[in-house]
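Novice: Here's a structure for you.
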Amino acid sequence: MSSLRSCSTEPRAMANHSALLLATMAEDSDFDDSEPLLNLSPIRAFFIVAYAAVFLSSIVGNTVILIVLLLNSSMRTITNFFLGNLAIADLLVGIFCVLPNAVHFVLLSHGTWPFGELMCHCYVYIIHLIPNSSAGILVLLSIERFIAVLRPMLVHHLMTKTVLAIAAVLCWLISGLMNLPYFFAVRYIDSPRYGNGSTYSICTRKHIQFQDFDVLKVVTTVNFVFWYMVPLGLLGCIYITIGVALLRSTGDGAVARSSLRSSKSNQSQMTKKKSAYQSLGENIRETSKRLLSSKCRDADEEANEQRRSTSIEAIDSRRKVIRLVSVIVISFALLSFPRYSYLIWSVWRDNSVPRCLNCVFTLIHPLTFLLLFINSGINPLLYAFLSVRFRTAIKETFFCHSQREKKQSKIVMGLRGNHANNDHENIPIARRQRYFELMHSRRADKTSPTGEPLVPRKEMQTML
Numbered sequence: 142m143s144s145l146r147s148c149s150t151e152p153r154a155m156a157n158h159s160a161l162l163l164a165t166m167a168e169d170s171d172f173d174d175s176e177p178l179l180n181l182s183p184i185r186a187f188f189i190v191a192y193a194a195v196f197l198s199s200i201v202g203n204t205v206i207l208i209v210l211l212l213n214s215s216m217r218t219i220t221n222f223f224l225g226n227l228a229i230a231d232l233l234v235g236i237f238c239v240l241p242n243a244v245h246f247v248l249l250s251h252g253t254w255p256f257g258e259l260m261c262h263c264y265v266y267i268i269h270l271i272p273n274s275s276a277g278i279l280v281l282l283s284i285e286r287f288i289a290v291l292r293p294m295l296v297h298h299l300m301t302k303t304v305l306a307i308a309a310v311l312c313w314l315i316s317g318l319m320n321l322p323y324f325f326a327v328r329y330i331d332s333p334r335y336g337n338g339s340t341y342s343i344c345t346r347k348h349i350q351f352q353d354f355d356v357l358k359v360v361t362t363v364n365f366v367f368w369y370m371v372p373l374g375l376l377g378c379i380y381i382t383i384g385v386a387l388l389r390s391t392g393d394g395a396v397a398r399s400s401l402r403s404s405k406s407n408q409s410q411m412t413k414k415k416s417a418y419q420s421l422g423e424n425i426r427e428t429s430k431r432l433l434s435s436k437c438r439d440a441d442e443e444a445n446e447q448r449r450s451t452s453i454e455a456i457d458s459r460r461k462v463i464r465l466v467s468v469i470v471i472s473f474a475l476l477s478f479p480r481y482s483y484l485i486w487s488v489w490r491d492n493s494v495p496r497c498l499n500c501v502f503t504l505i506h507p508l509t510f511l512l513l514f515i516n517s518g519i520n521p522l523l524y525a526f527l528s529v530r531f532r533t534a535i536k537e538t539f540f541c542h543s544q545r546e547k548k549q550s551k552i553v554m555g556l557r558g559n560h561a562n563n564d565h566e567n568i569p570i571a572r573r574q575r576y577f578e579l580m581h582s583r584r585a586d587k588t589s590p591t592g593e594p595l596v597p598r599k600e601m602q603t604m605l
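For what it's worth, the numbering used here labels the leading residue of the sequence shown as 142, then goes sequentially.
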């Protein structure tokens, strides 16, 4: 028979030190009673300012990105679909994690949790869920870029709307299921506040034992390997391959081969044209040859220049998108690694060893959370600074909407006016002249003796 049991902890120890030990204080049994460093005013002020900046960036920035993607049909591309999913994940971090974490660590004393038990479960669950979902979305985004660079004609055939929806749903679903144990490994405690008899709540985590296995140790280790190490390996291989492909596409050899192929085809066309004029006289043939050769040279140079400029523009566009996605991946790898590392250490450490609360090492815990939240708040800034399309779309959505509508209405009115003028100009001159003569005579004599119009209606219509 299998048995489930959770490790217990003395409430007094957690009540005294829960502010710094969100993930692991439920397992600690011995602490140093020194004053925590987070109670010092300079350190507290630094964390308050940092949390406020990250909160505003993650909420406002990701909301702006989602609004731009929803209102601009030109921004609804495959790449932006995954960036939209990433913005949703970052927005959830801002709503459910940044503010509660700031309140828990630096705003309230004793690690007080004022948001209730349900929010406690959601907080612990989402704070472990989002990094894993973001890693999966980045892998899907990088795979799409890989196909777009190496096989650009297959992207829209492979990445259909159904495939995109299924891939995104599977990413969120797998991450949600793998992190589900964190939702149940939550301990919500009402502790007495010593001295005045009041109580305050604590939101912490507990270890769950299944037979001889520690569930959190297994889940945390598997998540680190499956959602961090493996994605980083895949992303490294993908972007190395993409870099090599872009270098080859922009090399001199590629341009030379393209020019050689175009020159050979043009020479064959010139030979055919010359043979058609061989039956003419010598002077005409020479003159025609000179004219044709100059025209062909001009056409060849123009075609080669257009082909070269088109390929350069396409490569530059791909390079810009790859640069944006690469920076997002690098920021995720660097800013998420401290949190993953601390989480691994916290579940595998020896709980019987006392922890020092006035040591610099105690600041690592809130700093790992802060770096993780910065990763969610920095992505909208990367979109704005590294993507010209996002900058243009943001300006058009929030600053130039009325001007854009005026321009569109002016263009429509201009097209309507041109259409009316073209219809009038298409009427033959003789028919228009006959029509105006009859209208003039009708104005002179309104009606015939019988009261009928001088010019029948059908005749007028045939004239026009």
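Backbone N, C-alpha and C define an ideal beta-carbon position, used for all residues, glycine too.
What are the boundary residues of the beta strand (DSSP E) that TYR323 is part of?
Specialist: Locating residue 323 in the sequence shown gives position 182, counting from the first residue. No beta strand (DSSP E) holds TYR323; the alpha helix (DSSP H) holding it covers 321-325.
Novice: Determine whether the beta carbon atoms of GLY202 and GLY518 lie at a separation below 8 Å.
Specialist: Reading the sequence shown from its first residue, position 61 is the one you call residue 202. Reading the sequence shown from its first residue, position 377 is the one you call residue 518. In this structure, GLY518 lies closer than 8 Å to GLY202 by Cβ.
Novice: Look at the Cβ atom of ALA132, then the Cβ atom of ILE206, and state whether they are nearer than 8 Å.
Specialist: Outside the displayed span of the chain (142 to 605) sits residue 132, for which this structure offers no information.
Novice: What are the boundary residues of the beta strand (DSSP E) that includes TYR341?
Specialist: The residue you call residue 341 lines up with position 200 of the sequence shown. Start and end: 340-346.
Novice: Taking C-beta to C-beta, are THR361 and ILE485 nearer than 8 Å?
Specialist: Sequence index remark: in the sequence shown, residue 361 carries index 220 (1-based). Sequence index remark: in the sequence shown, residue 485 carries index 344 (1-based). Yes.
Novice: Give a yes or no on whether the C-beta atoms belonging to VAL247 and ILE189 are separated by under 8 Å.
Specialist: Residue mapping note: residue 247 aligns to position 106 of the sequence shown, counting from 1. Residue mapping note: residue 189 aligns to position 48 of the sequence shown, counting from 1. A contact, by the Cβ cut-off of 8 Å.
Novice: Given a threshold of 16 other Cβ atoms within 10 Å of its Cβ, counted over all protein chains shown, does LEU421 qualify as buried or as exposed?
Specialist: Sequence index remark: in the sequence shown, residue 421 carries index 280 (1-based). No answer about LEU421 holds up, because its pLDDT of 49 lies below 50 and its placement is not dependable.
Novice: Going straight from the alpha carbon of LEU401 to that of PHE287, what length do you get?
Specialist: Position 260 of the sequence shown, counting from 1, holds the residue named residue 401. Position 146 of the sequence shown, counting from 1, holds the residue named residue 287. Reliability fails at LEU401, whose pLDDT of 41 lies under 50, so the model's placement of it is uncertain and the value that follows must be treated cautiously. About 28 Å.
Novice: Buried or exposed for PHE531, please, with buried defined as at least 16 other CB atoms from any protein chain shown within 10 angstroms of its CB.
Specialist: Here residue 531 is taken as the residue at index 390 of the sequence shown, counted from 1. Buried.
Novice: Which residue from LYS536, ASN520, PRO507 puts its Cα closest to that of CYS238?
Specialist: Working through the sequence shown from its first residue, we reach residue 238 at position 97. For the residues LYS536, ASN520, PRO507, the minimum Cα distance to CYS238 belongs to PRO507.
Novice: With DSSP as the reference, please indicate the residues paired to ASP331 in a beta bridge.
Specialist: To locate residue 331, count along the sequence shown from 1; it is residue 190. Bridge partners of ASP331: SER342.
Novice: Taking 8 Å as the limit between beta carbons, can you name the residues of its chain near THR538, skipping five residues before and five after?
Specialist: Position 397 of the sequence shown, counted from the start, is the residue given in the question as residue 538. Closer than 8 Å at Cβ, skipping near neighbours: ILE208, VAL209, LEU212, ASN213.
Novice: Which residues does DSSP pair with PHE354 in a beta bridge?
Specialist: Here residue 354 corresponds to residue number 213 of the sequence shown, with the count starting at 1. Beta-bridge pairing links PHE354 to PHE351.
Novice: Once DSSP output is grouped into helix, strand and coil, what is the label at ARG185?
Specialist: Indexing the sequence shown from 1 puts residue 185 at position 44. Three-state result, ARG185: helix.
Novice: Round the Cβ separation of MET216 and ALA525 to the nearest angstrom and send it over; I've been treating them as touching at under 8 Å.
Specialist: Position 75 of the sequence shown, counting from 1, holds the residue named residue 216. Position 384 of the sequence shown, counting from 1, holds the residue named residue 525. Actually they are not in contact, since the Cβ atoms of MET216 and ALA525 sit about 13 Å apart, beyond 8 Å.
Novice: Between LEU295, GLU258, LEU511, which lies nearest to PHE478 when the distance is taken from Cα to Cα?
Specialist: Position 337 of the sequence shown holds residue 478. The option with the nearest alpha carbon to PHE478 is LEU511.
Novice: Beta-carbon within less than 8 Å of ALA309's beta-carbon, same chain only, minus the 5 sequence neighbours each way: which residues are those?
Specialist: Position 168 of the sequence shown, counted from the first residue, corresponds to residue 309. These residues qualify, in order along the chain: PHE222, PHE223, ASN226, ILE278, LEU281.
Novice: Could you tell me the distance, in whole angstroms, from the CA atom of MET260 to the CA atom of SER528?
Specialist: The residue given as residue 260 occupies position 119 in the sequence shown. The residue given as residue 528 occupies position 387 in the sequence shown. Cα to Cα, the separation comes out at about 36 Å.
Novice: THR220 lies in the alpha helix (DSSP H); which residues open and close that run?
Specialist: Here residue 220 is taken as the residue at index 79 of the sequence shown, counted from 1. From DSSP, the alpha helix (DSSP H) with THR220 extends over 219-234.
Novice: Taking the straight line between their C-alpha atoms, what separation do you get for SER339 and SER332?
Specialist: One-based indexing of the sequence shown puts residue 339 at position 198. One-based indexing of the sequence shown puts residue 332 at position 191. When rounded, the distance between both Cα atoms is 9 Å.
Novice: In the structure shown, what three-state DSSP assignment does PHE287 receive?
Specialist: In the sequence shown, counting from the first residue as 1, residue 287 sits at position 146. The answer is helix: DSSP assigns PHE287 an H, G or I state.
Novice: Could you pull the start and end residues of the alpha helix (DSSP H) that ARG532 belongs to?
Specialist: Here residue 532 refers to the residue found at position 391 when the sequence shown is read from its first residue. Segment 529-539, the alpha helix (DSSP H) holding ARG532.
Novice: With a threshold of 7 Å on Cβ separation, who are the neighbours of TRP313 within its own chain once the five nearest residues in sequence on each side are excluded?
Specialist: Position 172 of the sequence shown, counted from the first residue, corresponds to residue 313. Around TRP313: SER274.
Novice: In three-state DSSP terms, what is PRO507?
Specialist: The sequence position of residue 507 within the sequence shown is 366, counting from 1. DSSP places PRO507 in helix when its eight states are reduced to three.
Novice: Does the Cβ of TRP254 have 16 or more other Cβ atoms within 10 Å, making it buried, or fewer, making it exposed?
Specialist: The residue labelled residue 254 in the question sits at position 113 within the sequence shown. Buried, because 16 or more other Cβ atoms sit within 10 Å of the Cβ of TRP254.
Novice: To the nearest angstrom, how far is the alpha carbon of SER458 from that of ALA289?
Specialist: Here residue 458 is taken as the residue at index 317 of the sequence shown, counted from 1. Here residue 289 is taken as the residue at index 148 of the sequence shown, counted from 1. Their backbone Cα atoms lie some 11 Å apart in a straight line.
Novice: Less than 8 Å separating the beta-carbons of TYR329 and SER467?
Specialist: Residue mapping note: residue 329 aligns to position 188 of the sequence shown, counting from 1. Residue mapping note: residue 467 aligns to position 326 of the sequence shown, counting from 1. Not a contact, by the Cβ cut-off of 8 Å.
Novice: Between which residues of its own chain and TRP489 is the CB-CB distance below 7 Å, once the five residues before and five after are set aside?
Specialist: Position 348 of the sequence shown, counting from 1, holds the residue named residue 489. LYS358.
Novice: Rounded to a whole number of angstroms, what is the C-alpha to C-alpha distance between ASN499 and VAL356?
Specialist: Here residue 499 is taken as the residue at index 358 of the sequence shown, counted from 1. Here residue 356 is taken as the residue at index 215 of the sequence shown, counted from 1. So the alpha carbons of these two residues sit roughly 31 Å apart.
Novice: Less than 8 Å separating the beta-carbons of ILE271 and LEU233?
Specialist: Position 130 of the sequence shown, counted from the start, is the residue given in the question as residue 271. Position 92 of the sequence shown, counted from the start, is the residue given in the question as residue 233. Yes; because the gap between Cβ atoms is below 8 Å, this pair is in contact.
Novice: In this structure, how does DSSP classify ASN364 when only helix, strand and coil are distinguished?
Specialist: The count along the sequence shown starts at 1 and reaches residue 364 at position 223. It is helical.
Novice: For GLN350 and ILE515, what's the separation of their Cα atoms in angstroms?
Specialist: Residue numbering aside, residue 350 sits at position 209 when the sequence shown is read from its first letter. Residue numbering aside, residue 515 sits at position 374 when the sequence shown is read from its first letter. One C-alpha to the other measures close to 33 Å.
Novice: Between PHE196 and GLY235, how many whole angstroms is the CB-CB distance? I'm expecting something under 8 Å.
Specialist: Here residue 196 refers to the residue found at position 55 when the sequence shown is read from its first residue. Here residue 235 refers to the residue found at position 94 when the sequence shown is read from its first residue. With a Cβ gap of about 6 Å, PHE196 and GLY235 count as contacting.
Novice: Suppose the cutoff is 8 Å on Cβ atoms and the five residues either side in sequence are ignored; what does the same chain contact list for VAL470 look like?
Specialist: As a working note, residue 470 is residue 329 in the sequence shown. Excluding positions up to five away in sequence, the list reads LEU279, SER283, LEU376, TYR380.
Novice: Which one of LEU476, PHE367, PHE354, PHE324 has the shortest CA to CA distance from GLU258?
Specialist: Start at 1 with the first residue of the sequence shown, and residue 258 comes out as number 117. The residue with the shortest Cα to Cα distance from GLU258 is PHE324.
Novice: Exposed or buried, PHE473, counting other C-beta atoms within 10 Å across all chains shown (16 or more means buried)?
Specialist: Translated into the one-based positions of the sequence shown, residue 473 becomes position 332. So PHE473 counts as buried.
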